Amino acid sequence: MHPTLLIGIAVFVAVSALILGAATLFGHRSEDRLQTRLETFTRRPQRGQEGAASQKILAESIHQKENFLDQLLERFPSVYRLVEQADVPISPGRLLLVSLALMAGAVVATVVFRLPWTVGAIMVPGLGCLPLLWLLWRRKRRLKAFAAQLPEALDMLARSLRAGQSLASGFGLVAKEVPAPLGKEFGRVFDEQNLGVPLEESLRDLADRIPNMDLKFFATAVVLQRQTGGDLAEILDRISSLIRERFNIWGQVQALTGEGRLSGIVLMALPVVIFLAVYYLNRDYVMMLFTDPLGKKMLATAIVMQVIGALVIRKIVNIKV
1 MHPTLLIGIA
11 VFVAVSALIL
21 GAATLFGHRS
31 EDRLQTRLET
41 FTRRPQRGQE
51 GAASQKILAE
61 SIHQKENFLD
71 QLLERFPSVY
81 RLVEQADVPI
91 SPGRLLLVSL
101 ALMAGAVVAT
111 VVFRLPWTVG
121 AIMVPGLGCL
131 PLLWLLWRRK
141 RRLKAFAAQL
151 PEALDMLARS
161 LRAGQSLASG
171 FGLVAKEVPA
181 PLGKEFGRVF
191 DEQNLGVPLE
201 ESLRDLADRI
211 PNMDLKFFAT
221 AVVLQRQTGG
231 DLAEILDRIS
241 SLIRERFNIW
251 GQVQALTGEG
261 RLSGIVLMAL
271 PVVIFLAVYY
281 LNRDYVMMLF
291 TDPLGKKMLA
301 TAIVMQVIGA
311 LVIRKIVNIK
321 V
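Just so we're aligned, residue 1 is where the sequence shown starts under full-length UniProt numbering, counting upward by one.
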């Protein structure tokens, strides 16, 4: 590879990392200030850096409309919801700024290094989507961790109720003993209780923030129990047992579909690996796909078929329990 190309790539990566790091740093500082202000009212100490912040009550402080991009994205509440579910200390405006910087870097790299415009047309949206893909990955990982922690938290709540404590105190106990993400979300409910928010409203907001069916069952059970009465501790035990049984079934399904998922990964990665190998061994042979009109059509068709194949394989092996 030409040294100039290596230097250009290194500079581009360094600038992008600097922008993302600065956005993350300022986001952490803003969040730390909010945590300190909130603790003044709730008097609940943090669990390390995992203390919860009542974003519903102080939403304007969390998502500060510091620039035009934040004001523009205010019209799209789903974007803020995604950032909230991913639990990243970066505002949507900063993420959009990082995305625009990556796209601009791709355009500059295409012009400076005289790359084929076909490559540039792929690089620009591809790099621009990286922050969104990162958010979706963080959200998926966080929701998965929340689901795994839920049975333990319900058992802890049930033991707290049997010991004579109130449900609000049980939320505080879970927030103190269970790490994030569940401890943080339950701590947020506890903070909202201390600030005067009705429990039903806090649980509704929790179920809206965390799209988990078991959590919706829990919130519905608590609301109904407060209206009609009954043994809430026993209800929580049954919900916890049901969740654990479903996890066992899900594990069996994952084991049975493991071969299909591995086959899908191999089939999706094989064309890319072969393309890179041929590009390294015989670049002129591969460049026909970018210069010849027929080659461009073949490349576009191959990409579309790869995407369709990936979606079909994902649909086959993605069995919901």
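Every residue gets a Cβ at the ideal spot worked out from N, C-alpha and C, and that includes glycine.
Fair warning: this is a prediction, and the values are worked out from it, not measured in the lab.
Query	Result
Kindly indicate the opening and closing residues of the alpha helix (DSSP H) around Pro-125.	117-128
If Arg-139 and Leu-96 are in contact, beta carbons under 8 Å, what's the gap, nearest whole angstrom?	Arg-139 to Leu-96, Cβ: 17 Å. No contact.
Can you tell me whether DSSP reads Pro-45 as helix, strand or coil?	Low confidence applies to Pro-45: its pLDDT is 48, below 50, so where it sits in the model is not reliable enough to give any reading.
Where do the ends of the alpha helix (DSSP H) carrying Lys-184 lie?	182-194
Classify Ser-160: buried if its beta carbon has 16 or more other beta carbons within 10 angstroms, exposed otherwise.	buried
Identify whether Gly-230 lies in helix, strand or coil by the three-state DSSP scheme.	coil
For Gln-149 versus Leu-182, is the C-beta spacing smaller than 8 Å?	yes
Nearest CA to the CA of Asn-318: which residue from Gln-71, Gly-251, Ile-239 and Arg-209?	Gly-251
Would you check if the distance between the CB atom of Tyr-70 and the CB atom of Pro-89 is smaller than 8 Å?	Residue identity differs from the one stated: residue 70 is Asp in this sequence, not Tyr. Contact: no.
Considering Val-317, what are the terminal residues of the alpha helix (DSSP H) in which it resides?	293-317
Would the beta-carbon of Leu-127 fall within 8 Å of that of Met-156?	no
My output table needs one value for residue 323: the three-state DSSP class, helix, strand or coil.	Coverage of the chain is limited to positions 1 through 321, which leaves residue 323 absent and any answer about it impossible.
Given a threshold of 16 other Cβ atoms within 10 Å of its Cβ, counted over all protein chains shown, does Lys-315 qualify as buried or as exposed?	exposed
Under the assumption that Phe-186 contacts Ala-153 (Cβ atoms under 8 Å), give the Cβ distance between them as a whole number of angstroms.	7 Å
Can you look up Asp-237 in the DSSP assignment and give me helix, strand or coil?	helix
I need the straight-line Cα distance from Arg-162 to Ala-147, nearest angstrom please.	24 Å
Whole angstroms is fine: what's the gap from Ala-168's alpha carbon to Asp-87's?	24 Å
Distance, Cα to Cα, Val-223 vs Asp-214?	14 Å
Quick one: is Lys-184 buried, meaning 16 or more other Cβ sit within 10 Å of its Cβ, or exposed?	buried
Tell me, to the nearest whole angstrom, how far the beta carbon of Thr-118 is from that of Lys-297; I am working on the premise that it is less than 8 Å.	That belief does not hold up - the Cβ atoms of Thr-118 and Lys-297 are roughly 11 Å apart, past 8 Å.
Cα-Cα, which of Val-111, Val-286 and Ser-99 is closest to Leu-135?	Ser-99
Using the Cα positions of Arg-261 and Gln-227, report the straight-line distance between them to the nearest angstrom.	46 Å
Can you tell which of Ile-313, Phe-171, Pro-131 and Gly-258 has the C-alpha that lies nearest to the C-alpha of Glu-192?	Phe-171
Among Arg-204, Trp-137, Arg-75 and Phe-218, whose alpha-carbon lies nearest the alpha-carbon of Arg-238?	Phe-218
Is the CB-CB distance between Ile-210 and Pro-151 below 8 Å?	no
Does the distance from the C-beta atom of Pro-271 to that of Ala-302 stay below 8 Å?	yes
Pick helix, strand or coil for Leu-114, following the three-state DSSP scheme.	The question names Leu, yet the displayed sequence has Arg at residue 114. Note: Arg-114 maps to coil in three-state DSSP.
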